[in-house]
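Read through the structure below, which is laid out as C-alpha cells, and then see the notes.
Protein chains: 2
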Amino acid sequence: MPYRAKTSASAILDEARGQLERDGADRLSVRAVAASLGLAPNALYRYYADRDALLAAVADEGARLLLAALEDAARGRDGTDAVRAVAGAYLDFARMRPALYGAVVAKHAFAEGFHPAHADLWTFAVDLLRGVTGEATAAEAAVAVWGLLHGIAGLERAGLFDERKPGGGVDFGLQALLDGLAP
Amino acid sequence: MPYRAKTSASAILDEARGQLERDGADRLSVRAVAASLGLAPNALYRYYADRDALLAAVADEGARLLLAALEDAARGRDGTDAVRAVAGAYLDFARMRPALYGAVVAKHAFAEGFHPAHADLWTFAVDLLRGVTGEATAAEAAVAVWGLLHGIAGLERAGLFDERKPGGGVDFGLQALLDGLAP
DNA sequence: GTCTATACTCTGATAGAC
DNA sequence: GTCTATCAGAGTATAGAC
Numbered sequence: 001m002p003y004r005a006k007t008s009a010s011a012i013l014d015e016a017r018g019q020l021e022r023d024g025a026d027r028l029s030v031r032a033v034a035a036s037l038g039l040a041p042n043a044l045y046r047y048y049a050d051r052d053a054l055l056a057a058v059a060d061e062g063a064r065l066l067l068a069a070l071e072d073a074a075r076g077r078d079g080t081d082a083v084r085a086v087a088g089a090y091l092d093f094a095r096m097r098p099a100l101y102g103a104v105v106a107k108h109a110f111a112e113g114f115h116p117a118h119a120d121l122w123t124f125a126v127d128l129l130r131g132v133t134g135e136a137t138a139a140e141a142a143v144a145v146w147g148l149l150h151g152i153a154g155l156e157r158a159g160l161f162d163e164r165k166p167g168g169g170v171d172f173g174l175q176a177l178l179d180g181l182a183p
Numbered sequence: 184m185p186y187r188a189k190t191s192a193s194a195i196l197d198e199a200r201g202q203l204e205r206d207g208a209d210r211l212s213v214r215a216v217a218a219s220l221g222l223a224p225n226a227l228y229r230y231y232a233d234r235d236a237l238l239a240a241v242a243d244e245g246a247r248l249l250l251a252a253l254e255d256a257a258r259g260r261d262g263t264d265a266v267r268a269v270a271g272a273y274l275d276f277a278r279m280r281p282a283l284y285g286a287v288v289a290k291h292a293f294a295e296g297f298h299p300a301h302a303d304l305w306t307f308a309v310d311l312l313r314g315v316t317g318e319a320t321a322a323e324a325a326v327a328v329w330g331l332l333h334g335i336a337g338l339e340r341a342g343l344f345d346e347r348k349p350g351g352g353v354d355f356g357l358q359a360l361l362d363g364l365a366p
C-alpha cells in the first residue's frame, strides 16, 4: 500500500462543519477543506461523492447536534413547560449556529434520500406535543409549533426585527399558539 | 452618442429574475444573464455593482410581487377572514415561485440597506393583524402569524411533509394561533 | 458613458499515475 | 488512497474601442 490513509470521513466532516459555521454554507469549498487537512485539492472525493454529499453529511451532523440540545432542554419537564424550554433551546441553536441551522433545514433536507437524524427530530417534536394536545392532533400541533419556531428563526436571520423589534414577540406568539392548542 | 445603450437596468432585472426562478438562486450567473441579453460577459457591471447587488434587486422585485398578491387576497375582507385569505395567498406564492420567495426572505433581506418593498410588507402585515387583535398587540401578532407562515413554507420546501403529511396541518396551526390571539 | 476584449483567481470535477 | 495534471465555468478587475 504505497499511499496510506492520511485522513478519514469524520476528520473531513469536522473540518467541513467548522468551515461552514465560520464562513457560511455558500462558501464551503471542497478545496479549502482539503487544504486545511494538508491534502491534494481532490483527495476528498474518495470519501464524499461531491460537494452536495459533503454538505448533506454536515446537515445530518447538525440535526444530531440540534436534537441533542432539544433533548437536554426537555429533560425533566413535560407539557407546555417542556415545549417552552425546547422552544428556547431551538431558537438559541438557530441564533448561535446560524449556518449549521440553515444547513439542517435547507432545501430538500428532509426529503432527499434517507436522513435518520432528521426523522428523529420529527419524532421528537411529535412526542413533545403529544404531552400538550393528546394523541389525536399531536402531529398537526408539532407542525404548527415547529413552523412557528422555524419561521421566527428565519425572520430573525433575515433582519426583520433589527430595529422595530417587538419586545418578546417570540414568547407572545408561542403563548398564543399554546393557548389555541389547549384541549 | 456613438454607443446607444443596448440594455437597461430593468431588462437585466427581468432576465435575472427569469433565470433565478428557472434555475434557483444558487445558479444565478452574471455571465449567463449577459449572454441571454447578447452582451459581453461583464457588461452588467455598469448597472449592478456585483452579483449580490443584482440578487438584492431581484429580491426587492419579488417583495413587490408578493405584496401585490397579498393585497389582492385581502381586498374586500377583514378580520380573521382577511388573515386566512392572505395566508393562502402567501403559501401559494411560496409554493409556486419557490426561488423568488427564497430570495425575498433570504439572509439579510430586510436588514441590509434600505429595502422599501420589504418595509411595505411588514406594514401590511401589522395592518392586517390590527383587525384581529386591536392596536396594542398587532405587531406581536404579525410576527407570530408571519413566522408561522414562513416556517410552514420553509418546512414544506425542506420536504418535511412529503410522506407523513398531516392533513390540513397548515389550517390547523393557523386556526389554533388565531384562537389564541383572539382578545 | 457604454460595451468589448482579455486575463486573473477560485471553484467543482475527472483521468490516470503511483 | 493519494497524488499530479487538467478542464470548464464562475466572479471580477482593467484597459481600451467607439
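Respectively, the protein sequence lines represent chains A and B.
Numbers 1 to 183, taken from the working numbering, label the letters of the first sequence in order.
Numbers 184 to 366, taken from the working numbering, label the letters of the second sequence in order.
In this text, a Cβ means the ideal position worked out from N, Cα and C, and glycines have one as well.
For clarity, every value in this text was computed on a predicted model and none was experimentally measured.
Check                                                                                                                      : Outcome
Environment of D243 (chain B) [buried if 16+ CB atoms lie within 10 Å]                                                     : buried
Inter-stretch contact at 8 Å, needing at least 3 Cβ pairs: the segment 210-218 of chain B / the segment 256-274 of chain B : no
G330 (chain B): contacting residues in chain A (beta-carbon distance under 7 Å)                                            : L148, G151, I152, L155 and G173
Where L181 (chain A) meets chain B, residues with beta-carbon distance less than 7 Å                                       : A359
With 16 other Cβ atoms within 10 Å as the buried cut-off, status of E112 (chain A)                                         : exposed
Short CB-CB distance (under 8 Å) between D303 (chain B) and chain A                                                        : no
Buried/exposed call for M184 (chain B), threshold 16 Cβ in 10 Å                                                            : Per-residue confidence for M184 (chain B) stands at a pLDDT of 47, beneath the threshold of 50, marking its modelled position as unreliable; the derived number appears in the next sentence. M184 (chain B) is exposed by the Cβ-count criterion.
Buried or exposed by the 16-neighbour rule on C-beta atoms within 10 Å, applied to A302 (chain B)                          : exposed
Of the residues A:S10, A:L155, A:R51 and A:G79, the one placed nearest S29 (chain A), counting alpha carbons only          : A:R51
Element boundaries [alpha helix (DSSP H), containing F124 (chain A)]                                                       : P116 to T133
Neighbour-count burial assignment, F192 (chain A), 16 or more Cβ in a 10 Å radius                                          : Shown here, chain A extends from 1 to 183; a query on residue 192 (chain A) therefore has no answer.
Proximal residues to L20 (chain A) (C-beta, below 6 Å), its chain only, five neighbours per side dropped                   : L28, V58 and A99
Backbone CA spacing between L67 (chain A) and G262 (chain B) [nearest angstrom]                                            : 38 Å
Inter-stretch contact at 8 Å, needing at least 3 Cβ pairs: the segment 311-319 of chain B / the segment 121-134 of chain A : no
Which listed residue (A:S10, A:P116, A:R97 and A:G38) has its alpha carbon closest to that of A69 (chain A)                : A:R97
For G337 (chain B) and G151 (chain A), believed in contact at Cβ under 8 Å, the rounded distance                           : 7 Å
Backbone secondary structure at M184 (chain B) - three-state DSSP                                                          : In this predicted model, M184 (chain B) has a pLDDT of only 47, less than 50, meaning its place in the structure is not dependable; the value taken from the coordinates is given anyway. Correct three-state label for M184 (chain B): coil.
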